[in-house]
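Participant:
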Amino acid sequence: MDQVVLEADAGYPLNDSVSILGGLRYVELETTVGVVSPLGPVFATHEEQHWVDPVIGVEYSQSLRQPWSLILRGDVGGFGLGSDFAWQGLAVLQWQSSAHFGIGLAYRYVDMDYQDGNGARAFKYDMAISGPAAGLVFTF
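Here the sequence shown is numbered in our numbering, starting from 1454 and rising by one per residue.
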């Protein structure tokens, strides 16, 4: 299974620490399943799906001892417009080396429930994925 997720959000600050978010999350899946025997392939199938979820959420940011900060984020999406329902939680420890560049260490949990079609042609994706992440942070 290959998965690509791209997200664009806009935020509105409620105060110095809390912002509400809204945006779109694009998901692309490519799955291949096969059964083989010593005599060769017995069964193989390939499926591609993609969808766009509206997303709303909240982000909490807390400065720690400079140049460190903690960011907590949660959002929900889908609402039957793309996926049936999706949500994620994210915790990031960020080191800001300059005004425009930083490094983030994170832990992310994502749960998506998507279905397309019925019967023998139904495609169902109901997955929870979690784990550590690292990334570059560009601030503008």
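Each residue gets a CB set at the ideal place from its N, CA and C atoms; glycine is no exception.
For Ala-1581, which of helix, strand or coil comes out of DSSP?
Facilitator: Walking along the sequence shown from the start, residue 1581 turns up at place 128. Three-state DSSP puts Ala-1581 in a strand.
Participant: With respect to the beta strand (DSSP E) encompassing Leu-1517, which residues constitute its N-terminal and C-terminal limits?
Facilitator: Within the sequence shown, numbered from 1, the residue matching residue 1517 stands at position 64. First-last for Leu-1517: undefined, no H or E at that position.
Participant: Put Gly-1572 into one of helix, strand or coil per three-state DSSP.
Facilitator: Mapped onto the sequence shown, residue 1572 falls at position 119. The answer is helix: DSSP assigns Gly-1572 an H, G or I state.
Participant: Are the Cβ atoms of Gly-1530 and Tyr-1567 separated by less than 9 angstroms?
Facilitator: Reading the sequence shown from its first residue, position 77 is the one you call residue 1530. Reading the sequence shown from its first residue, position 114 is the one you call residue 1567. For Gly-1530 and Tyr-1567, no; Cβs fall outside 9 angstroms.
Participant: Give me, in chain order, the residues of the same chain whose beta-carbon lies closer than 8 angstroms to that of Val-1590; leave out the 5 immediate sequence neighbours on both sides.
Facilitator: Working through the sequence shown from its first residue, we reach residue 1590 at position 137. For Val-1590, where only same-chain residues beyond five positions count, the Cβ hits under 8 angstroms are Gln-1547, Gln-1549, Phe-1554, Gly-1555, Ile-1556, Gly-1557.
Participant: Less than 6 angstroms between C-beta atoms, sequence neighbours within five positions excluded: which residues of the same chain meet that for Gly-1542?
Facilitator: Residue numbering aside, residue 1542 sits at position 89 when the sequence shown is read from its first letter. The residues are Gly-1527, Tyr-1562.
Participant: Under three-state DSSP, which class holds Pro-1494?
Facilitator: What you label residue 1494 is simply residue 41 of the sequence shown in a count that begins at 1. The answer is strand: DSSP assigns Pro-1494 an E or B state.
Participant: Is there at least one non-hydrogen atom of the ligand FAD closer than 8 angstroms to the beta-carbon of Gly-1530?
Facilitator: Ligands displayed in this structure: none; no statement on the ligand FAD is therefore possible.
Participant: Using a threshold of 9 angstroms, state whether the C-beta atoms of Ala-1586 and Ala-1552 are closer than that.
Facilitator: Here residue 1586 refers to the residue found at position 133 when the sequence shown is read from its first residue. Here residue 1552 refers to the residue found at position 99 when the sequence shown is read from its first residue. Going by C-beta atoms, Ala-1586 is not nearer than 9 angstroms to Ala-1552.
Participant: Figure out for me which residue from Glu-1483, Val-1545, Asn-1468, Ser-1516 has the closest Cα to the Cα of Val-1458.
Facilitator: Taking the first residue of the sequence shown as 1, we reach residue 1458 at position 5. The candidate whose alpha carbon is nearest that of Val-1458 is Glu-1483.
Participant: With a CB to CB cut of under 7 angstroms and the five nearest residues on each side skipped, what residues in its chain are close to Ala-1461?
Facilitator: Numbered from its first residue, the sequence shown carries residue 1461 at position 8. The answer, listed in chain order, is Gly-1476, Leu-1477.
Participant: Hey, quick one: how far does the beta strand (DSSP E) through Asp-1462 stretch, first residue to last?
Facilitator: Taking the first residue of the sequence shown as 1, we reach residue 1462 at position 9. Here the beta strand (DSSP E) through Asp-1462 covers 1455 to 1466.
Participant: Would you kindly check if the distance between the Cβ of Ser-1514 and the Cβ of Ser-1472 is under 9 angstroms?
Facilitator: Mapped onto the sequence shown, residue 1472 falls at position 19. Mapped onto the sequence shown, residue 1514 falls at position 61. Closer than 9 angstroms, so yes.
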